[in-house]
Amino acid sequence: MSWRARLGALLLALSPCASLQAASPPADDGFSRADRAEIARAVRDVCRRDVVVLGDDANHGAAASTRVRAAIVRRLVERCGFRAVLFESQVYDVLDYARAAAEGRANVGQLADAVGPLWARMPGSRALLDWVHGEVVAGRLQVGGIDPQVGGRTGRYAQQRLGAALASVLAPPQRAACTAEFDRHDRWAYDDETQPFDDAARARLRACADAVRAAVAAQGLDPRSDLAGMAAAYGRYLEMALDGDGDRRDLGMAELVQWHRARWPRGTRTVVLCATVHAARRTHGIAPAMVPMGAHLAAALGDRYAVIGFTAAGGTFGDLSGAVHALKPAGDAALETVALAGAKGDLRYLDRRWLRRHGVIPARPINGRIVHAAAWAEVLDGLMVLREERAPGR
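Its first residue numbered 170, the sequence shown is counted upward by one per residue in the working numbering.
Printed below as a string of structure tokens:
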């Protein structure tokens, strides 16, 4: 064997993706051999990226896709060396969970509450959260949230302690006044008679958030600290909530991805779970006018960023209310039908080359209710097609 061949063999052996073909799948993962092969193709496709987002339907009610996403997450961690998982969940509560885990007092229930019921209610997510919790407690995995919003039903840290944490940088009596303002908002303790959410309440809330950010800067707090990150995120949330600017949420999500990465050891590669409408490289023509999180991250990271979407030819999906809806059968010219023609199993992974080759084609990876004709290679780096989606509990 020539020295070039020996060097090539050595580099292949050392590659984090080299073991993908040889590594045996989990014995109880429930996927057929053909479907495991499609999952492996998806993992190989993004194995060397720094940030990989696995998208979700905008209705957050796709249990079959969630099971596939969970399998991809585990393989990215175990076979490609990814060391962080981020959820489209309130940053504040997941930070509180991470602190508790570092101190040895966290449990998987706290992680499920922090991640929120939209994710935790899925059977595939519950198994994933059990695994993530074990990896975090063992010190092998970082975890975080990327949503600057507050108001989650199980976001107990945001409801009970976030206000005091934010206001802790203020001097009394402003500290007490702003704690009360934050708590009232985060618990939504307004009423029309004595505490209306009117222009005066909005002005007080904005003034408190501005004062906190000014104090963080004046005191020279490390931008990577929990408090500095929460203050910046809360400011972005209020820009969205008080000004009605939805783009500020996606900007805040992108900033939080980068903020987490700056805190963690250099080179920590990250997998993100969030709605595809946020993860997309662009959404022009397929979503309300917006600059998605993915556009910001793609601009910052270039080819180190990748997003995989999910879609299905048929089946059912749930919505935020818990109602179950049937997916309309994909038409003969739809991407889902074309992709699954001749497929050996129930999954088919489409890389960007396939998407480019097929150009503008109707599909529904953004929202199961809506079919869009788009050049999907400009939106996604890859797309996993399921033969049948399944709503939670079905």
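We put the CB at the ideal spot given by N, CA and C, even for glycine.
Pairing ALA253 with HIS465 gives a Cβ-Cβ distance that is not under 8 angstroms. The Cβ atoms of GLY551 and LEU519 sit closer than 8 angstroms to each other. In this chain, GLN318 is not harboured by any beta strand (DSSP E), its DSSP state being neither H nor E. If the five residues before and after THR437 are omitted, its C-beta is found closer than 7 angstroms to the C-beta atoms of ARG252, ALA253, GLN311 and ARG430, all from its own chain and listed in chain order. DSSP places ARG533 inside the beta strand (DSSP E), whose first and last residues are 529-536. The C-alpha of GLY484 is placed about 18 angstroms away from the C-alpha of HIS541. Here LEU496 carries a coil assignment [DSSP, helix/strand/coil]. When DSSP states are grouped into helix, strand and coil, GLN388 belongs to the coil group.
The beta carbon of VAL221 lies closer than 6 angstroms to those of VAL215, VAL440 and ALA475 in the same chain, with the five residues before and after it left out.
DSSP, read as helix, strand or coil, puts TYR261 in helix. Residue pairing by DSSP puts ARG517 in a beta bridge opposite VAL554. Burial is judged here by how many other beta carbons sit within 10 angstroms of a residue's own beta carbon; ASP412 has fewer than 16 and is exposed.
Taking 8 angstroms as the cut-off, the Cβ atoms of LEU335 and ALA239 do not count as close. Taking 8 angstroms as the cut-off, the beta carbon of TRP300 is found closer than this to the beta carbon of ARG243.
At a Cβ-Cβ threshold of 8 angstroms, PRO457 and ALA502 do not count as neighbours. Around the beta carbon of VAL237, a 10 Å sphere encloses 16 or more other beta carbons of the protein chains shown; the residue is thus reported as buried. Assignment of CYS377 by DSSP, reduced to helix, strand and coil, places it in the helix class.
Along the stretch 191-252, the alpha helix (DSSP H) occurs as fully enclosed runs of 4 or more residues at 202-215 and 232-249, listed in sequence order. Inclusion of GLY278 and SER258 in the CB contact set at 8 angstroms is not warranted, their separation being larger than that value.
Rounded to whole angstroms, the separation of the alpha carbons of TRP545 and ARG522 is 11 angstroms. A contact between stretches requires three or more CB pairs, one per stretch, nearer than 8 angstroms, and the stretch 223-237 fails this requirement with the stretch 262-271.
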